[in-house]
Amino acid sequence: MHVHYPQTDIIGAPADGLLPWLENYTFPAETRFAQPAYAAEVANVFFSELLRHGVTTALAFATTHPASVDAFFQGAQKRGLRMISGKVLQDRHSPDGLRDETEQSLIDSETLIQRWHGQGRLGYAITPRFAPTSTDAQLRGAGELAARNPDTWIHSHVAENRDEVRWVRELFPQARSYVDVYRGFGLLRERAVYAHCIHLDDADRALMRDTGAVAAVSPTSNLFLGSGFFDYEGAERIGMRHGLASDVGGGTSFSPFHTMLAAYYVGREGQTKPGLSLAPSRLWWHHTGGAARALGLQGVIGTLQAGTEADFVLLNPKATPLLARKTERAQNLEELLFALIVLGDDRVVDQVCIA
Ligand SMILES: [Zn+2]
12 MHVHYPQTDI IGAPADGLLP WLENYTFPAE TRFAQPAYAA EVANVFFSEL
62 LRHGVTTALA FATTHPASVD AFFQGAQKRG LRMISGKVLQ DRHSPDGLRD
112 ETEQSLIDSE TLIQRWHGQG RLGYAITPRF APTSTDAQLR GAGELAARNP
162 DTWIHSHVAE NRDEVRWVRE LFPQARSYVD VYRGFGLLRE RAVYAHCIHL
212 DDADRALMRD TGAVAAVSPT SNLFLGSGFF DYEGAERIGM RHGLASDVGG
262 GTSFSPFHTM LAAYYVGREG QTKPGLSLAP SRLWWHHTGG AARALGLQGV
312 IGTLQAGTEA DFVLLNPKAT PLLARKTERA QNLEELLFAL IVLGDDRVVD
362 QVCIA
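Be aware that the sequence shown starts at 12, since it is given in this note's numbering, and climbs by one per residue.
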């Protein structure tokens with residue numbers, strides 16, 4: 012539900028936290044995506060890596076450069092994949108080579124929607140990086156674009172890190188909260204996907220629920236950058252829809268198995284009521300049918316029901332000696348699914364079928 016294809020090569024970059032990680036690794040890496048050939052090469056590696064791990068659809072950030080979006084969609088089209096992406100909007104607090112120009116950024120987004128949205132299996136996401144790196148004018152323009160194109164996606168980040176939340180409060184003093192900033196610009200609606208959603212209160216969760224916006228939970232990233240813990244109990248109690256995401260390169264793995272295990276740790280640690288034990292079937296749901304539903308793609312992908320598109324993986328529960336012993340002893344489906352979460356990785360993915 013949330014990943015950055017241009018960050019494929021900065022996976023595992025050490026940093027003190029989100030803001031220094033962006034400044035020292037992410038922004039310099041992303042400036043290179045102005046070059047179409049470079050973008051195409053990384054997109055190719057990204058798709059190969061997703062498929063190796065059994066991931067058939069992703070909602071992915073590109074960079075601010077329109078060329079990065081073209082490269083992504085061309086690669087996805089060649090492989091017949093159902094993919095969603097969009098040009099990143101960031102017209103302030105960003106380095107040269109990455110910062111875009113307000114008016115041109117909105118024109119470019121509109122052009123890319125015309126070119127790619129609904130072409131075969133491709134979908135466009137209007138993608139403000141996060142509130143601090145867009146001016147009010149750019150966020151307002153993004154909201155207007157989203158209203159004119161109601162079946163496009165909106166893709167951004169919210170409430171990942173405490174320093175970031177403080178910064179947003181300084182920049183947008185009129186808003187009740189960080190989530191409320193996006194509401195004010197018309198950026199909360201069905202098909203609006205917000206990564207992280209960690210430092211929220213119940214009013215924020217209710218606002219997400221009532222507008223149809225959803226959370227992309229990114230546990231390996233949150234643990235890696237020390238951002239905090241997603242509150243599963245709070246999300247469930249209020250009814251805020253959510254699903255799982257790798258968030259590479261802040262996330263540490265393309266593997267859904269690693270992501271589900273990290274989510275399980277987060278369930279254990281990070282709750283208002285501690286010690287939650289997330290059911291294995293629920294974690295799998297958040298990577299398959301539940302994620303599809305949160306993306307507004309129910310009935311299209313995410314289940315094996317008749318009439319849906321046949322994207323599926325064939326898994327080998329005996330892929331390693333320990334997994335073979337463990338899964339042989341599984342008494343029920345939950346035990347089998349949990350063994351795969353704890354011990355599984357790309358070796359389990361035997362075949363990937365697309366469409
Ligand atoms: Zn992210």
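For glycine and all other residues, C-beta sits at the position ideal for the given N, C-alpha and C.
Remember, predicted model here, so these are calculated numbers, not experimental data.
query: Considering Cα atoms alone, identify which of PHE83, VAL204, ASP213 and PHE265 is closest to ILE22.; result: PHE265
query: Within the region 151-232, note down every full beta strand (DSSP E) run reaching 3 residues or more, in order along the chain.; result: 164-169, 203-207 and 225-228
query: Measuring only the C-alpha atoms, how far is GLN342 from ALA335?; result: 14 Å
query: With three or more C-beta pairs closer than 8 Å as the rule, is the region 60-74 touching the region 260-275?; result: yes
query: Closest by CA to ALA302, which one among ARG340, PHE83, MET251 and ARG103?; result: MET251
query: On the criterion of 16 or more Cβ atoms from any shown chain inside 10 Å, does CYS364 qualify as buried, or is it exposed?; result: exposed
query: Give a yes or no on whether the C-beta atoms belonging to LEU199 and ARG140 are separated by under 8 Å.; result: no
query: Mind checking which residues open and close the alpha helix (DSSP H) that includes ASP119?; result: 113-127
query: For LEU333, which option in GLN125, LEU347, ARG43 and THR163 has the closest C-alpha, if you only look at C-alpha atoms?; result: LEU347
query: Which partner residues does VAL324 have in the DSSP bridge list?; result: VAL363
query: With H, G and I counted as helix, E and B as strand and the rest as coil, what does DSSP make of PHE72?; result: strand
query: Between HIS15 and ligand 1, is there a pair consisting of the residue's CB and a ligand heavy atom that are separated by less than 7 Å?; result: yes
query: Taking the alpha carbon of ASP147 as the point to measure from, which residue in VAL179, GLY129, PHE84 and LEU33 has its own alpha carbon closest?; result: VAL179
query: Would you say VAL259 and CYS208 are within 8 Å of each other, going by their C-beta atoms?; result: no
query: Should the region 118-137 be called in touch with the region 148-156, which here means at least 3 C-beta pairs below 8 Å?; result: yes
query: For the region 74-86 against the region 42-51, are there 3 or more C-beta pairs whose distance is under 8 Å?; result: yes
query: Tell me the rounded alpha-carbon separation between GLY286 and GLN18.; result: 33 Å
query: Between which two residues does the alpha helix (DSSP H) harbouring ALA51 extend?; result: 47-63
query: What would DSSP say about HIS15, mapped onto helix, strand or coil?; result: strand
query: Out of LEU30, GLN130, PRO143 and GLY108, which has the shortest C-alpha to C-alpha gap to GLU41?; result: GLY108
query: What residues in its chain sit with their C-beta under 8 Å from that of SER238, if we drop five residues either side in the sequence?; result: GLY28, LEU29, GLU171, ASN172, HIS207, ILE209 and SER232
query: Does the beta-carbon of VAL56 have 16 or more other beta-carbons within 10 angstroms, so that it is buried, or is it exposed?; result: exposed
query: Between which residues of its own chain and GLY355 is the CB-CB distance below 6 Å, once the five residues before and five after are set aside?; result: PHE268
query: Give the DSSP-derived three-state secondary structure of HIS104 in the structure shown.; result: coil
query: Let me check understanding here. Comparing Cα to Cα, which of ARG132, THR138 and ASP162 lies closest to HIS13?; result: THR138
query: Scan the region 229-285 and note each continuous beta strand (DSSP E) run of 3 residues or more that stays entirely inside, going in chain order.; result: 253-255
query: Whose C-beta lies closer than 7 Å to the C-beta of GLY307 among residues of the same chain, with five residues either side of it excluded?; result: GLU201 and ARG202
query: Under three-state DSSP, which class holds ALA24?; result: coil
query: Check for me: the alpha helix (DSSP H) holding SER96 runs from which residue to which?; result: Segment 93-97 is the beta strand (DSSP E) holding SER96; no alpha helix (DSSP H) there.
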